[in-house]
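Q:
2 protein chains.
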Amino acid sequence: MSVSVRDVASLAGVSVGTVSNVLNRPEKVAPATVERVQRAVAELGFVRNEAARQLRAGQSHSIGLIVLDVRNPFFTDVARGAEDKAAEGSLSVLLGNSDEKPEREAAHIALFQEQRVHGVLISPLGDDLGRLAALRERGIPTVLVDRQDPAGEFSSVSVDDVAGGYLAVRHLLDLGRRRIAFVGGPHGIRQVADRLLGAQKAVEEVYGASLEVIDGEGLTVLHGRAVGEALRERAAYARPEAVFAANDLLALGVLQALTMLGDIRVPQDIALIGYDDIDFAATAVVPLSSIRQPSVLIGSTAVELLLREAAGGPDFEHEQIVFQPELVVRASTGTAD
Amino acid sequence: MSVSVRDVASLAGVSVGTVSNVLNRPEKVAPATVERVQRAVAELGFVRNEAARQLRAGQSHSIGLIVLDVRNPFFTDVARGAEDKAAEGSLSVLLGNSDEKPEREAAHIALFQEQRVHGVLISPLGDDLGRLAALRERGIPTVLVDRQDPAGEFSSVSVDDVAGGYLAVRHLLDLGRRRIAFVGGPHGIRQVADRLLGAQKAVEEVYGASLEVIDGEGLTVLHGRAVGEALRERAAYARPEAVFAANDLLALGVLQALTMLGDIRVPQDIALIGYDDIDFAATAVVPLSSIRQPSVLIGSTAVELLLREAAGGPDFEHEQIVFQPELVVRASTGTAD
DNA sequence: GCCGCTTCATGAATCGTTTCAATCGCCATG
DNA sequence: CATGGCGATTGAAACGATTCATGAAGCGGC
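Residue numbers (my numbering), protein chains in the order written: chain A, 30 to 366; chain B, 30 to 366.
Quick look at the structure:
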């Protein structure tokens, strides 16, 4: 069926070993021979069988990346950063989407193991890193993305989410808002929990400030819209003065429900801030204030860490890299009153 | 290093063939034996080596998908549809991003061939489908996504872009606008060319209407912003009355430059319509009118077609599935004057 | 002419799984 | 008791690229 090195070898009148050498270390082969083999390759349309290479090598040329939500631009940016960096080492990235479901996460981990990936980058789901134990035991380099490991058993590249949450709510408080609401969930997701923690810290610092926690049960535009609709149905006095959403998708959903489907003004009636500073935040109905994370850099750094860990052997010192988030103020928390 | 079927077999006291049978057709093996083997698998932490399976099978369990831009939500939606459908047949999807660059497209095609993918879904780059010839000759099932093949040599799942372009501009004309601008590019991308074609058709039908073509040289928010800024700098009388952008990202960029960085009102001064109807179109500063395409359905249908083509053998009749686009009117082309 | 050295090329062994023809027990039947 | 049939199991061959110990050829120096 398929053309193999054997076919190429016989057409070029050399041995299979030589063909392999031409493919992988042409400098070891006499120029004339290289030429002859390459002609044969071209003539037969030979394409290497990656599976056979892998089998022999015991490892693939790819690394796995599992994100919580491919539809979230934050994660596609992370993926971009990872791909570009991986390409430098001629590795490719297999992108898996856990969709915040443990079983999907587990399925991807299993798949990546079967593929004998070089390593795994993962934005893990719960606080329980048990699902990752298999990876560690098997010695597969693993780097946590957008998430730290308190136990220090994994390397990680993250952003200080507590600081981010604090920044966001501190900003709302500085605007004079007191009745703040946090929208996000599920709380099993560490990023969500940490951002909430930071929010609480900020609220505790200001006398008379309160924080209502609204569990959005998910982190998509749709979930946000549902929360926004619920807010709309409340009597005006029962509404928060400001909303901090755990990510921009949620915030955009809330915004949509409040201003477009309803007639609640942002920021006059409710100030709103999101998290991630995705591209679409700036172009929203009311341009959205947000907390910026260096998404592309997170991806590329994660790959670097992975490669270093892979090179360093099993007892490599795990590294925890933490970036600082940055407040971006736009109209949705404008001072207009 | 790694645990193999051989190890499992010897621990369970059976032959390797039996282990393989337990893994793949447990109904052929006596229940007691299945049990014993599974215990051994669990105890050793055995994980199949996908490379070896592939080598033996001659084919992988994945299909390749090459899109023009992963950051465009339209394509992530297509990918979603494809993944879900592929998962039904326990296939996985390798996502490649050509970024509108021929060399990246070629690299992904080569990679997929080395991986011996089941088939390839591709949103190809230029009018020249030559890069795909290798796939066809090799008998790798290939389905064009979001794009038809005039020569009929490939199956395809697409949306009638000429009709979409017509719908968009017809709508602008119906609003009373006459000096229309089309923003998009590069024109080598068929989708862009077809949408322009439809736009021209609509303009020709109306006396006094004109179409200015502005080559945006790309299809991202940034490209759109650049075009918007150029429009802003024109004297008011030299500006178009309405803009049709080849996709929503572009439209959002234009919108941003006009309304947020400038003081041109949309739709009063310039009406604006995009294409794709991505989620973020609805939440934009001025909610964006757009042409909706059934993105998720495109992805799932493409996989179905691919599977049918793979099952049908080499002289399978290629199918061209064409969906119809749909006009979605929002504020950016509102009738307010 | 021989030695030692370098440069090239060889081809069998190997990776781990699947497949399939062959074999083994065992039971029911004649 | 011999035979046939059946389900369960076996084990060697095969997939295709890479590796590496081995060997051949060429060349300069003495």
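Quick reminder that beta carbons are idealized off the backbone N, C-alpha and C, glycines included.
These numbers come from a predicted model, not from an experiment.
#1: Looking at C-alpha atoms only, which residue of B:312, B:215, B:318 and B:321 is the closest neighbour of residue 317 of chain A?
#2: Taking only three categories from DSSP, how would you classify residue 333 of chain B?
#3: Are the Cβ atoms of residue 295 of chain A and residue 256 of chain A separated by less than 8 Å?
#4: Note down the Cα distance separating residue 366 of chain B from residue 262 of chain B, rounded to an integer number of angstroms.
#5: Return the CA-CA distance between residue 63 of chain B and residue 306 of chain A, expressed in angstroms with no decimal places.
#6: Who are the neighbours of residue 300 of chain B on chain A, taking C-beta pairs under 7 Å?
#7: Using C-beta distances below 8 Å, list every residue in its chain close to residue 232 of chain A, excluding the 5 sequence neighbours before and after it, in chain order.
#8: Can you name the start and end residues of the alpha helix (DSSP H) that residue 67 of chain B belongs to?
#9: For residue 276 of chain A, which residues in chain B fall below 8 Å Cβ to Cβ?
#10: Could one say the Cβ of residue 297 of chain B lies closer than 8 Å to chain A's Cβ atoms, at least one of them?
#11: Starting from the N-terminal side, write out each stretch of the beta strand (DSSP E) that is 3 residues or longer and does not extend beyond the stretch 286-321 of chain B.
#12: Using a Cβ cut-off of 7 Å, pull out every chain B residue sitting near residue 121 of chain A, in sequence order please.
#13: According to the neighbour-count rule (16 or more other Cβ atoms, all chains shown, within 10 Å of its Cβ), is residue 51 of chain B buried or exposed?
#14: Cβ atoms of residue 206 of chain A and residue 267 of chain A: under 8 Å apart, would you say?
#15: Less than 8 Å between the beta carbons of residue 164 of chain B and residue 111 of chain B, yes or no?
#16: Evaluate residue 179 of chain B with the Cβ neighbour count: other Cβ atoms within 10 Å of its Cβ, from every protein chain shown; 16 or more gives buried, anything less gives exposed.
#17: Taking only beta-carbon atoms, is residue 143 of chain B less than 8 Å away from chain A?
#18: According to the Cβ coordinates, are residue 245 of chain B and residue 217 of chain B closer than 8 Å?
#19: Determine, using beta carbons only, whether residue 83 of chain A comes closer than 8 Å to chain B.
#20: Pick from A:290, A:121 and A:68: whose alpha carbon is nearest that of residue 360 of chain B?
#21: What would DSSP say about residue 235 of chain A, mapped onto helix, strand or coil?
#22: Which value, in whole angstroms, describes the spacing of the CA atoms of residue 352 of chain A and residue 78 of chain A?
#23: Quick one: is residue 102 of chain B near chain A, going by C-beta distance under 8 Å?
#24: Would you call the CB atoms of residue 279 of chain B and residue 248 of chain B closer than 8 Å?
#25: If the cut is a Cβ gap below 9 Å, which residues of chain B does residue 67 of chain A touch?
#26: Identify each residue in the stretch 300-314 of chain B for which the Cβ-Cβ distance to at least one residue of chain A is less than 8 Å, and report them in chain order.
#27: Is it the case that the stretch 70-85 of chain A contacts the stretch 122-137 of chain A, given that we only count it when at least three CB pairs across the two stretches are under 8 Å?
#28: Excluding the five sequence neighbours on either side, which residues of its own chain have a C-beta within less than 6 Å of the C-beta of residue 107 of chain A, listed in chain order?
#29: Measure the C-alpha to C-alpha separation of residue 48 of chain A and residue 80 of chain B and round it to an integer number of angstroms.
#30: If we ignore side chains and look at the alpha-carbon of each, how far apart do residue 141 of chain B and residue 36 of chain A end up?
#31: Name the two residues that bound the continuous alpha helix (DSSP H) containing residue 138 of chain B.
#32: For residue 126 of chain B, report the span of its beta strand (DSSP E) as first-last.
#33: Can you tell me which of B:288, B:265, B:190 and B:92 puts its alpha carbon nearest to the alpha carbon of residue 147 of chain B?
#34: Reducing DSSP to helix, strand and coil, say where residue 201 of chain B ends up.
#35: With distances taken between CB atoms, is the gap from residue 170 of chain B to residue 338 of chain B smaller than 8 Å?
#36: Do you know how far the Cα of residue 167 of chain B is from the Cα of residue 40 of chain B?
A: From the atom records:
#1: Nearest of B:312, B:215, B:318 and B:321 to residue 317 of chain A, Cα basis: B:312.
#2: Three-state DSSP puts residue 333 of chain B in a helix.
#3: Result no, Cβ atoms of residue 295 of chain A and residue 256 of chain A do not sit closer than 8 Å.
#4: The predicted model places residue 366 of chain B with a pLDDT of 43, which falls under 50 and marks its position as unreliable; any figure quoted below should be read in that light. For residue 366 of chain B and residue 262 of chain B, the distance between alpha carbons rounds to 22 Å.
#5: Roughly 52 Å separates the two Cα atoms.
#6: Listed along chain A, no residue sits closer than 7 Å to residue 300 of chain B by beta-carbon distance, the nearest being about 17 Å off.
#7: So the list reads 198, 202, 209, 238, 239 and 240, once near-sequence residues are dropped.
#8: Looking at the DSSP string, the run of the alpha helix (DSSP H) that includes residue 67 of chain B is 60-73.
#9: Per Cβ cutoff of 8 Å: no residues; residue 276 of chain A is ~14 Å from chain B at best.
#10: Taking Cβ atoms only, chain A never reaches closer than 8 Å to residue 297 of chain B, which makes this a no.
#11: Here the runs fully enclosed are 300-302 and 319-321.
#12: When 7 Å is used as the limit between beta carbons, residue 121 of chain A is near these residues of chain B: 140, in chain order.
#13: When all chains shown are included, residue 51 of chain B counts as buried.
#14: In this structure, residue 267 of chain A sits away from residue 206 of chain A, with a CB-CB distance that is not shorter than 8 Å.
#15: With respect to the 8 Å criterion, residue 164 of chain B and residue 111 of chain B are not classified as neighbours on the basis of their beta carbons.
#16: Taking all protein chains in view, the Cβ of residue 179 of chain B is surrounded by fewer than 16 other Cβ atoms within 10 Å, so the residue is classified as exposed.
#17: It does: the Cβ of residue 143 of chain B has a partner Cβ on chain A nearer than 8 Å.
#18: Judged by their CB atoms, residue 245 of chain B and residue 217 of chain B are not nearer to each other than the 8 Å cut-off.
#19: Taking a beta-carbon distance threshold of 8 Å, residue 83 of chain A counts as an interface residue toward chain B.
#20: Sorting A:290, A:121 and A:68 by C-alpha distance to the C-alpha of residue 360 of chain B places A:290 at the top.
#21: Taken through DSSP and simplified to helix, strand or coil, residue 235 of chain A comes out as coil.
#22: When rounded, the distance between both Cα atoms is 41 Å.
#23: Chain A contact via Cβ: present.
#24: Yes. Within cutoff.
#25: Among the residues of chain B, none has a CB under 9 Å from the CB of residue 67 of chain A; the nearest is roughly 15 Å distant.
#26: Identification of residues in the stretch 300-314 of chain B having a C-beta nearer than 8 Å to some C-beta of chain A yields 308, 309, 311, 312, 313 and 314, given in sequence order.
#27: By the criterion of at least three beta-carbon pairs nearer than 8 Å, the stretch 122-137 of chain A is not in contact with the stretch 70-85 of chain A.
#28: Closer than 6 Å at Cβ, skipping near neighbours: 324, 327 and 328.
#29: Those two C-alpha atoms are separated by around 21 Å.
#30: A straight-line Cα-Cα distance of about 21 Å links residue 141 of chain B and residue 36 of chain A.
#31: First-last of the alpha helix (DSSP H) with residue 138 of chain B: 131-143.
#32: Where residue 126 of chain B is concerned, the enclosing beta strand (DSSP E) stretches over 121-126.
#33: Nearest C-alpha to residue 147 of chain B: B:92.
#34: The answer is helix: DSSP assigns residue 201 of chain B an H, G or I state.
#35: Going by C-beta atoms, residue 170 of chain B is nearer than 8 Å to residue 338 of chain B.
#36: Approximately 43 Å, taken between the alpha carbons.
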